[in-house]
Every structure is written in structure tokens, then in C-alpha cells.
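Reviewing the structure listed below.
Numbering (this note's numbering), first residue to last: 95 to 188.
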């Protein structure tokens, strides 16, 4: 049930620019309890949020044991950094 819910939210966020209008902190708090089938959707949601404040959390998942989760975390980070102004992106990479 949770996987279906996260999948639906992930699809909605990727098709509609609403990510920065929603506080995803409760989702961030849930991340440690999510399984490998649920994590990709949650990471995708955070990536489409466009919120740089989630970059440190996403960075931790780039070292996950599952290579698919690592890839989703990298994609989420790319989604956020691609939306950032060039000056902010340079600060994040420093």
C-alpha cells in the first residue's frame, strides 16, 4: 500500500510543478523505514521538490548498499541541482 501511495505522489510531483509548495520533511523522517521498493519513489519526490535543503539527506543515499537506490539518489540530486541558479550550484560543489 505504501509503495502504491509513494508511486502515485511521485508521478504527480514529476508532472506538476508543486514540489517546492509542499513540506516534505515528514517524508524525509520516514526514509529510514522505507524498503528498497519504496525508496526510489521517495527519493524521486525529494528530487522533484527542487529544494536544496534535501541535498544532504539525498547525499547519504548515494552510498546505499543497493545500486538502484544509489542511482535514484544521484538522479534526485541532479534534479535539484539542475534547477538551482549557477551561483548556488557552484556553492554546493565547493
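From the three backbone atoms N, C-alpha and C, an ideal C-beta is built for every residue, glycine too. Please read these numbers as outputs of a predicted model, since none were measured by experiment.
### Task
Could you tell me which of 126, 146 and 118 sits nearest to residue 155, measuring between CA atoms?
For the residues 126, 146 and 118, the minimum Cα distance to residue 155 belongs to 126.
### Query
Sorted by chain position, which residues of the same chain lie with C-beta nearer than 7 angstroms to residue 168's C-beta, five sequence neighbours on each side aside?
Around residue 168, the same chain offers 156 as residues with beta carbons nearer than 7 angstroms, after the five sequence neighbours per side are excluded.
### Message
Could you compute how far the alpha carbon of residue 175 sits from the alpha carbon of residue 133?
### Response
Counting only the Cα atoms, residue 133 lies some 20 angstroms from residue 175.
### Query
For residue 160, which three-state DSSP category applies?
DSSP, read as helix, strand or coil, puts residue 160 in coil.
### Where residue 130 falls: helix, strand or coil (DSSP)
Correct three-state label for residue 130: coil.
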